[in-house]
Each structure stands twice: as C-alpha cells, then as structure tokens.
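Notes to accompany the following structure.
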Amino acid sequence: MAATLVKEASPPAAAGAGPARRPRRRGRIIAVLFVLPALLLLGALVVYPVLFSVGRSFFDASGTRFVGGENYAEMFRDPATLKAIRNTAVWVVVAPTLLTGLGLILAVLVEKVRWATAFKLLLFMPMAVSFLAAGIVFRLAYDEDPDKGVLNAAVVSVHDAFQGTSSYPTARARDGQGLTKEADGSYRTSAAVSPGDAVALGLVGVQPRDLPGGAESAYPAATRKAGSGELRGVVYLDFTPGGGGEQGRVDRRESGLPEMKVEAVRDGRTVASTTTASDGSFRFGDLADGSYTVRLPASNFAPPYEGVSWLGPTLVTPAIIGAYLWIWTGFAMVLIGAGLSTLPRDALEAARMDGANEWQIFRRITVPLLAPVLTVVFVTLVINVMKVFDLVYIIAPGPVQEDATVLATQMWLVSFGGGNNQGLGSALGVLLLLLVVPAMVFNVRRFRRSQR
C-alpha cells in the first residue's frame, strides 16, 4: 500500500522539475545577455589586438613576408632596444620601491597631523593631472635655462650665494692696449711695472647697462699719482657712450669696473691682491722694490653658473622618475593609509605599554602587519611602471630620447615614430606583455587569497 502511494506521488514531483528549471535557465540567459556587450568589447579591444600583435610579430615590416622569429632575434641585437630594456629594469627597481617607501612613511606621518585630510588631498591632487600636462610642467621645470627652469633657478641661486659669480663674463681686453691674455683666461700687463707707477687697464665687451649700479667715472682715479712704494691703477670700460674718446686712455665719460679682482705678481707668484672700488681704482701699498706684473684673474671673466643639466644623457632617466614620483606618491599613500586604518590598535597600545618606542613599533609591528598591503601596492606599481610612456616621450628632449627610452616608447618609435617596422614593434609589444603578465597573475592570486 505504501509503495503504491509512493508511485502515485512521484509523477507530480517529476512533472514539477521542468517548471523549476525554466527560471534558472532564463536567469542564465539574462545574465549572458547582460555580460555579452562587455565580452564583445573585451574581445574587440583586448583579445583581438593581442592575438593580432602576436601574429604580426612573425612578419616583416611590410606585413607580407613570414620571417618567423627574426623580429625577436633582431630585438635583442638592436642597441636601442637593449638600452630600453635596461632603462625599464631601472624603472621597475627604483620607482616602485621609492613610491612604496614614501607612501608608507607619509601614511604613518599623516596619522599624526591635525589636518590629515587636507594633507592627503594635497598629495593626491597630482593624480588628477594627466600625464601629458605633468610632462609639460616638468619639461619646463627641468629646463637648463635658469630663467625658465625653476629647479635650475633654485640651484643657481644657492650656488651663487656660496660661490659667488663673475660680474663681467663677456669682458675682454683690446689687442695692443697693454693687456695680454693668458691660457687660463686671465689678463696681465704686457710691460713690467714698479712701485710708484700707475696703470690704466681698459676692457671692452661690457654693455653700459650691465654695469653694477654703483659704478662711477674712472677719470678722477686715473689722474691720481702713485705714492712711494705704492702701485696704483684703474680698471675701466674703454668705451665712451655716444662715441668719441681715445682707445687706451681714460675719458671723462668712461666708467670704472667695480668689484674686479686684481693681483700683483712677481716671479710667477701672487704677492698681493685687492678688489677694485666703485670707480674701478685699486692700489697695492708697501711693495718691495722690483718689477711686477698686474694680473686680472680668470675668475673675473668666468661664465655664469648655468645649473644642472637635468635632461642630459646622465640624469634624464632619474629626472623622469622624479616626475613619476610626484604623480603617484599620493596613490601609494592613500592605499597604504587605508591598510593602516585597519590595523588592530590594541597591538600598538600593548607595545607602547611594554616600553617600545615609535621606531620599534613601526619596524616590528606596523610594517609586518602591512606587508600584504605593501606587496599589492608594489606589484601594482611594477605593472604600471612597465607601461610608462607619456612622461618619457614628453619630458625627454629629442637628442636624448634614446638615452631615456623604455620598452613602451621604443615600441612606439619603432612602429610609428619613424621606424615604420610594425613587425619589430609587435615583437616589442609581445615582450612587454610577457613581462607584465606574471605581475598581473601574482596580483590577482593574492587578491583572491585575501578574499578567501
């Protein structure tokens, strides 16, 4: 009897299984329809270009002849590509390490600042600036001309404050007017002089408007006689405004050259030195009898200090990395700060109660607990650094473009920037993909592990 009831009850359950499956099947279909546009875009914008680039890398520059692995072999024979790989390695090692360290330090310090939110906003603001705009800004900041580049303006100001600068970099002596130029750039009197003599040392090549503000007429000083045991003279601008005057003689309207260093030399040794007054006059007192030479040292005519060649072959890569740090430091700080806010405060307080100082807490507790966050930030930055293109292409001037090139810029230059070899460019793109994929896989696996 029970078996009969079971048999009679089973058909309705089986009959209800079909209607139960329909909502699930309908849900799957709806889900696929919603995901389908994204899948189509992913295939059109990611999958197809990757497959096309892999296939294109096995053909020549024209794309008509199959060359196999020749492009990959050529890639590692090309000095420019090898330099791009070397520069990319420098980027991968230096930039993520500095960014992660700076982000960690700033995230810890910001917690102790009253205006923490405003400080974070200030550091994160560069992320809102496009790489194009940031590249233009830093290209100007790194300009070698101190009148344009703010960094060199600061460097020159500091240098001149400690080392001083020449007031007459363009000054020179007239030929045959009593001064002879030495190999080191200094000038000396052609004829020997003795105590009791007075000399007039005329220079040209200085614009009257470039004279120091306190410069006075040299004529009164030129008319003074030297006393006993005294060697006197005047250094003046041998140029009369408006014309007239006589070369080699001090005219009433000719100005002295103040702050000019003058030396008295005897037997190749400097025995006395002084600096000219506002009227260009100078004097050496208590000189022993004998013959002397008056010399104007080369430091009077040294060209002005122009600063550092930030975008030269030596410093162009560190300079671009500096611009990259300015943009991405806020990103690293915010992510690490978010991880810092989740740390168990009781562990930190317990360490303080046990007598640990802040450095010990930071090194022994904060950093180990933040290790997963630091790893994610570091790997994310490694992926981003491998693809850097904008800053390198914009900041590096044309003559040093090859010294600063990385894989992304080299791929573009080979393919579209004049090389017109898209087979080799595709091989570079495949190389870049192969370098990025391991970091991406590592990041995804770590993210899934943290989710579990």
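Add 52 to a position in the sequence shown, counting from 1, and you land on the number used in my numbering. For glycine and all other residues, C-beta sits at the position ideal for the given N, C-alpha and C.
On the three-state DSSP scale, how would you describe residue i?
| i | result |
| --- | --- |
| E122 | helix |
| L91 | helix |
| R224 | strand |
| F336 | strand |
| R73 | helix |
| F441 | coil |
| D389 | As written in the sequence, residue 389 is Gly, which differs from the Asp given in the question. Helix at G389. |
| F499 | helix |
| G308 | strand |
| Y344 | strand |
| G285 | strand |
| A403 | helix |
| G254 | strand |
| Y357 | coil |
| S114 | coil |
| T241 | strand |
| G374 | helix |
| D290 | coil |
| S280 | coil |
| D331 | coil |
| A267 | coil |
| S218 | coil |
| L395 | coil |
| G382 | helix |
Tell me the residue span of the alpha helix (DSSP H) that contains residue i.
| i | result |
| --- | --- |
| G187 | 183–193 |
| E410 | 410–413 |
| R138 | 131–162 |
| Q299 | It is not in any alpha helix (DSSP H) - Q299 carries neither H nor E in the DSSP assignment. |
| P272 | 271–274 |
| N236 | The sequence shown places Asp at residue 236, not Asn. Where D236 is concerned, there is no enclosing alpha helix (DSSP H), given that its DSSP letter is neither H nor E. |
| N204 | 202–215 |
Taking residue i as part of the beta strand (DSSP E), name the residues at either end of that continuous run.
| i | result |
| --- | --- |
| F104 | First-last for F104: 100–108, but that is the alpha helix (DSSP H), not the beta strand (DSSP E). |
| T326 | 321–327 |
| K172 | Looking at the DSSP string, K172 is not in any beta strand (DSSP E); the run it does join, the alpha helix (DSSP H), is 168–176. |
| V314 | 313–318 |
| L231 | 231–233 |
So the candidates are the options; which of them puts its Cα closest to the Cα of residue i?
| i | options | result |
| --- | --- | --- |
| G513 | T222, G391, K233 | The structure shown has nothing for residue 513, since the chain only spans 53 to 504. |
| V360 | A235, V207, I188 | V207 |
| E311 | A225, G332, Q229, L289 | G332 |
| V496 | T427, L459, L134 | T427 |
| G153 | D398, A340, W380 | W380 |
| E122 | V314, G475, A491 | G475 |
| A403 | T394, L395, I413 | I413 |
| L363 | R498, I81, Q453, A243 | Q453 |
| G248 | G300, F128, A340, D455 | A340 |
| V251 | F111, P264, T275 | T275 |
| G295 | E306, G285, Y288 | E306 |
| V144 | V458, V189, R76 | V458 |
| F353 | M463, E234, V160 | E234 |
| R226 | V287, G374, D212 | V287 |
| Y271 | G300, L421, L283, L93 | G300 |
| R498 | V346, G450, V429 | V429 |
| M385 | E282, S330, A168, R74 | A168 |
| G391 | E410, L421, W411, T366 | L421 |
| K164 | E410, R415, F468 | E410 |
| F214 | V106, Y357, F104, G285 | Y357 |
Note down, in chain order, each residue of its chain lying with its Cβ closer than 6 Å to the Cβ of residue i, except the 5 sequence neighbours on either side.
| i | result |
| --- | --- |
| L433 | P148, L151 |
| S219 | E311 |
| A55 | With a pLDDT of 46 at A55, under the threshold of 50, the predicted position of this residue should be treated as unreliable, though the coordinate-derived value follows. Contacts found: none. |
| T461 | F441, V444, Y445 |
Just to confirm my understanding: we take residue i, look at its own chain, exclude 5 residues before and 5 after, and list those with CB closer than 8 Å. What are they?
| i | result |
| --- | --- |
| V488 | I435, M438, K439 |
| S343 | A244, V245, S246, R318 |
| M463 | G477, L480, G481, L484 |
| L486 | none |
| G120 | F110 |
| R240 | L231, T232, E234, V317, T345, V346, R347, L348 |
Near residue i, what residues of its chain come up, given a Cβ to Cβ distance below 7 Å and the 5 sequence neighbours on each side ignored?
| i | result |
| --- | --- |
| S502 | P424 |
| R191 | I446, I447 |
| V431 | A491, F494, N495 |
| R224 | L255, V256, G257 |
| D442 | F183, L184, G187 |
| T369 | N139, V142, A456 |
| R117 | F111 |
| V98 | none |
| L203 | A193, Y194, W362 |
For chain C, check one thing: does any of its Cβ atoms lie closer than 8 Å to the Cβ of residue i?
| i | result |
| --- | --- |
| K172 | No chain C appears in the structure shown, which is made up of a single protein chain. |
Review point. At which residue ranges does the stretch 419–499 contain complete alpha helix (DSSP H) runs of 4 or more residues, listed in the order of the chain?
Key: For the stretch 419–499, whole alpha helix (DSSP H) runs of length 4 or above, ordered along the chain, are 419–438, 442–447, 453–456, 459–467.
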